[in-house]
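The structure appears below as structure tokens.
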Amino acid sequence: MYTLLDFKDKNLADYLNSALRRHGLDSYVLPSGLGPDGEEIFSISCLQSSELKQGRHLIYSSRYFLNDIAPEAASELREIRNQHAQGILKLLTSKPAIIASALAMTAAALGYIFDL
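Pasting the structure below:
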């Protein structure tokens, strides 16, 4: 089983799951334990990795899916998309990524200067 998203609100998880199922995704809402604050966590899960890929596309990049759901759920989904984008940006601007980039640029510049 592959977990697509985790939610504290069961109603939101059920609604987004029904929207995903309308778009052809075979997914289920399952309780997955308790969060650090003691609230129950509900996960939208898929049985196959291909469905997980399709679900990620719908959640993170499909405008059609965003326009198809209710405004309250759409605002939550926009927030999830923003958090996802910020996570990627944080990885790209992390210290190890900047060091690797600087080393690659130095190697390219030295190769260009010395005709290597």
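Going by our numbering, the residue at position 40 of the sequence shown is 67; the numbering climbs one at a time, nothing skipped. Glycine included, C-beta positions come from ideal geometry on N, C-alpha and C. Since this is a predicted model, take the numbers as computed values, not measurements.
For L52, there is no enclosing alpha helix (DSSP H), since its DSSP letter is neither H nor E. Contiguous alpha helix (DSSP H) elements confined to the segment 60 to 103 occur at 76 to 87, 90 to 95, taking only those with 4 or more residues. Judged by their CB atoms, C73 and Y139 are not nearer to each other than the 7 angstroms cut-off.
Between the alpha carbons of L79 and L31 lies a distance of about 6 angstroms. Q75 counts as exposed, since fewer than 16 other C-beta atoms from the protein chains shown sit within 10 angstroms of its C-beta. Relative to the Cα of Y55, the nearest Cα in the group P98, Q110, F69, S128 belongs to F69.
Non-local C-beta neighbours of G60 in its own chain, meaning closer than 7 angstroms and more than five positions away in sequence, comprise I68, ordered along the chain. Closest option to L57, judged by alpha-carbon separation, among D64, D36, S77, G51: D36. A check of alpha carbon separations from R48 across R90, S88, F34, I96 identifies I96 as the nearest.
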